[in-house]
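In terms of this note's numbering, the sequence shown is residues 658 to 721.
Only one structure is covered here, and it is reproduced in the block below.
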Amino acid sequence: MDEEKAIPMVGEIGAAVVALIAKGAVINRDNIATYLEVRRKTVGNVIHKGVLRDAAKLVREGKL
Numbered sequence: 658m659d660e661e662k663a664i665p666m667v668g669e670i671g672a673a674v675v676a677l678i679a680k681g682a683v684i685n686r687d688n689i690a691t692y693l694e695v696r697r698k699t700v701g702n703v704i705h706k707g708v709l710r711d712a713a714k715l716v717r718e719g720k721l
């Protein structure tokens, strides 16, 4: 994976972790991926949706 694609995904994963901590939720792969998938449904930008999809897949499977 190239750095240009990785940077936005890492940012979204980090934001998911921070949001889960703020909620007092357990930090694990499933919760992070679920958060990213739910967030994907709320954004309107197609590119942003793709970043969130890829980030959730990376968290769930460990690869793209």
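Every residue gets a Cβ at the ideal spot worked out from N, C-alpha and C, and that includes glycine.
Query: Taking the CB atoms as reference points, tell me whether Ile664 and Val674 lie closer together than 7 angstroms.; Result: no
Query: Less than 7 angstroms between the C-beta atoms of Val726 and Ile689, yes or no?; Result: Residue 726 is absent from the model: the chain starts at 658 and stops at 721.
Query: Quick one: grab the DSSP three-state call for Val675.; Result: helix
Query: Consult DSSP for Asn685 and reduce its assignment to one of helix, strand or coil.; Result: coil
Query: Would you mind stating whether Arg697 and Arg686 have Cβ atoms separated by less than 7 angstroms?; Result: no
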